[in-house]
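Asks: Following this message is one structure expressed as structure tokens.
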Amino acid sequence: MAQRDYYDIDDILAGQERVPCILQVDLDGLGSSGSGTASKVQRNARWTLPYWMADRLDEEDYVTMEMSPMFAKRATRMYAASPESVQLRAICQYYYQFGMQLGNIVPDVPLVLRNMYMRRIQRVAHIAQQGHNVEALDFVQGLDKMELRMLKLCQQAQNAGTVWQQNKAYTLKKASAMSL
Amino acid sequence: MLGDEAVRLVKEAKDITADHIPAYNEEQVRLVAQETRYLWTRIEEMYASLGQLTESQGETAETEAATAHGPSQGDGGRDAAMSSSQQTYALSQAEHRNNVGGQTTLYAQTVARNKRCLLAYHDRRAKFLRSLMWNVHLAPSMVPGTLVARMSPSEQTYMREYARLNASYRDAVEAQLIPSYGSLDWAANGELPPRDLLIEVRVVRDCGEIVTENGVVSLQAGTQHYVPRADVEHLITIGYLEHVSPS
């Protein structure tokens, strides 16, 4: 992982996504209450672990990591059928970032991401230009974090044009942090 | 699960925007640091126990070799039974070793994860503080008290030191950079290029008097002035003045 990603908040949160695993050894500390309670999970048990944990343990063969259900073949085919109607937020808020992390070890995933993204982002840009659009509410509510950020950027860019026209573009403003 | 406490901190860091920062979560930071230290002692314990395991396994192997080379007539069957039980013992030893290895890896990975989360949390907050310092034009005293209350003592020191560092650099270098002109506003907003030399401002809070190129201007609440931009920009960003844009 590049140095710049180390401090990236979104990258850390995306790595928290769970993947199903099969344990090859007994492990402690996987219970929901944290490492305080002694909750040992036996080997050959199935357990969902966060990706950051599973990746490392899988490298050393202490678990066998399985494909995350949202990137499984069946799911991928289903989403590819109509990308715009997929509610990504319900599936995973960090779909793209998690996918990119997975893409380091699974070569198929980046292509899946690209297809999804290219179709959906066109709709996002379209909505940003339209301003208020009640029909697109469902779609907007189903966007994942990366798409939401793009939407905000597009909207800001749209606004910038209007603001400039109103001669307000060069107005010095009070720093927003000072309003606290 | 391991690492959940640390992620809570990261989620708080995510809430930081340009205009909002939650209070420094001292308790959570302490908790994560504590968990990390505990895990590390566990790792050291397990590593030590692994060392002892290898020693005792060596002993068992030696005694097995001794009995194997001992009196063999009629004792062959018993020796065979003994060696097979040694084998199962050795297998479960290997299993135990594997368990310890897996547990150690898990703990070590969690330690690394906790560290990353802590660093990212503090780094994000530090970033906010730095931009805040530039907004107040390197005058930490102008930061509102409510905002200061959300910082930990070390963060407050960081703010002051950062401002002091930049100010001393500016002072050291200014004379060489701009020999002719009086002073350059180092904290001027670099993202918004100046369009006008003189701007119209309305006074929101009493600022007293300022010295401009055209003389002394008395900034009393409610008055409007037409002044050089460079002289009043710092008062606008902290909210004492309001820029009235020509419409």
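Same order as they appear, the protein sequences are chains A and B. Numbering that gives the first Met the number 0 puts the last residue of the first sequence at 179; the count rises by one with no breaks. Numbering that gives the first Met the number 0 puts the last residue of the second sequence at 246; the count rises by one with no breaks. Think of the CB as a built atom: it goes at the ideal place given N, C-alpha and C, for glycine as much as any other residue. Values in this document were obtained by computation on a predicted structure and should not be read as measured data.
Check whether the Cβ atoms of A:Q140 and A:Q100 lie closer than 9 Å to each other.
Replies: Not a contact, by the Cβ cut-off of 9 Å.
Asks: Hey, how far is the Cα of B:W39 from the Cα of B:Y106?
Replies: Each residue's Cα considered, the two are about 8 Å apart.
Asks: Roughly how many angstroms separate the alpha carbons of A:A44 and B:S151, rounded to a whole number?
Replies: Roughly 44 Å separates the two Cα atoms.
Asks: Starting from B:Q108, find everything on chain A with Cβ-Cβ shorter than 8 Å and list it in chain order.
Replies: Within chain A, the residues near B:Q108 are W51, M52, R55, L56.
Asks: Which residues of the region 73-97 of chain A have a Cβ closer than 9 Å to any Cβ of chain B? Give them in chain order.
Replies: Within the region 73-97 of chain A, no residue has a Cβ that lies closer than 9 Å to any Cβ of chain B.
Asks: For A:S178 and chain B, any beta-carbon pair shorter than 9 Å?
Replies: Cβ-Cβ to chain B under 9 Å: yes for A:S178.
Asks: Could you tell me which residues DSSP pairs with A:Q198 in its beta bridges?
Replies: Because chain A here runs from 0 to 179, residue 198 of chain A falls outside it and cannot be looked at.
Asks: What three-state label does DSSP hand B:S217 in the structure shown?
Replies: Three-state DSSP puts B:S217 in a strand.
Asks: Mind checking who A:W46 pairs with in its DSSP beta bridge?
Replies: DSSP, once it has assigned bridges, lists A:C20 as partnering A:W46.
Asks: Hey, is A:V24's beta-carbon within less than 9 Å of any beta-carbon in chain E?
Replies: Structure shown: chain E not included; protein chains present are A and B.
Asks: Buried or exposed: B:I235, going by 16 or more other Cβ atoms within 10 Å of its Cβ?
Replies: It counts as buried.
Asks: Go ahead and label A:W51 buried or exposed: buried means 16 or more other beta carbons lie within 10 angstroms of its beta carbon, across all protein chains shown.
Replies: So A:W51 ends up on the buried side.
Asks: Going residue by residue through the region 61-104 of chain A, where are the continuous beta strand (DSSP E) segments of at least 3 residues, counting only ones entirely within it?
Replies: With a minimum length of 3 residues, the continuous beta strand (DSSP E) runs that stay inside the region 61-104 of chain A are 62-64.
Asks: DSSP state of A:L12, grouped into three classes?
Replies: Residue state, collapsed to three classes: helix.
Asks: Any idea what DSSP makes of B:I198, helix, strand or coil?
Replies: B:I198 falls in the strand class under three-state DSSP.
Asks: Would you check if the distance between the CB atom of A:Y93 and the CB atom of A:M145 is smaller than 9 Å?
Replies: Cβ atoms of A:Y93 and A:M145: closer than 9 Å.
Asks: Candidates A:M117, A:E134, A:D107, A:N158: which alpha carbon is nearest A:Q128's?
Replies: Nearest of A:M117, A:E134, A:D107, A:N158 to A:Q128, Cα basis: A:N158.
Asks: Going by the beta-carbon positions, is the gap between A:L171 and B:H242 smaller than 9 Å?
Replies: Result yes, Cβ atoms of A:L171 and B:H242 sit closer than 9 Å.
Asks: Compute the distance between the beta-carbons of A:N103 and A:P82, then report whether it is under 9 Å.
Replies: Going by C-beta atoms, A:N103 is not nearer than 9 Å to A:P82.
Asks: Using the Cβ count rule (16 or more neighbours within 10 Å means buried), how would you classify B:T35?
Replies: Looking at its Cβ environment, which holds 16 or more other Cβ atoms inside 10 Å, B:T35 is buried.
Asks: So, using beta-carbon positions, are B:Y46 and B:T103 closer together than 9 Å?
Replies: Yes.
Asks: Count the other C-beta atoms from every protein chain shown that fall within 10 angstroms of the C-beta of A:L110, then say buried if there are 16 or more, exposed otherwise.
Replies: So A:L110 ends up on the exposed side.
Asks: Just to make sure I have the definition right: I need the residues of chain B whose C-beta is within less than 8 Å of the C-beta of A:L12. Which are they?
Replies: Those are V6, V9, K10, K13, listed as they occur along chain B.
Asks: With a threshold of 16 other CB atoms inside 10 Å of the CB of A:I21, please say whether the residue is buried or exposed.
Replies: By the neighbour-count rule (16 or more Cβ atoms within 10 Å), A:I21 is not buried but exposed.
Asks: By Cβ distance below 7 Å, which residues in the same chain neighbour B:D230 in space, the five residues on each side in sequence not counted?
Replies: Cβ neighbours of B:D230 beyond the five flanking positions: I209, T211.
Asks: Exposed or buried, what is A:N132 when buried is set at 16 or more other beta-carbons lying within 10 Å of its beta-carbon?
Replies: A:N132 comes out exposed.
Asks: Residues bridged to B:G207 by DSSP?
Replies: Note: B:G207 sits in a beta bridge opposite B:L218.
Asks: Less than 9 Å between CB atoms is the rule here; does A:Y61 satisfy it with respect to chain B?
Replies: Yes, because at least one Cβ of chain B sits closer than 9 Å to the Cβ of A:Y61.
Asks: In the region 139-173 of chain A, which residues sit with their C-beta less than 8 Å from some C-beta in chain B, listed in chain order?
Replies: Those would be Q165, N166, K167, Y169, T170, L171, K172, K173, in chain order.
Asks: Does the Cβ of A:E58 have 16 or more other Cβ atoms within 10 Å, making it buried, or fewer, making it exposed?
Replies: Under this definition A:E58 is an exposed residue.
Asks: For B:G245, report the span of its alpha helix (DSSP H) as first-last.
Replies: It should be noted that the sequence gives Pro, not Gly, for residue 245 of chain B. B:P245 -> no alpha helix (DSSP H), and no H or E assigned at all.
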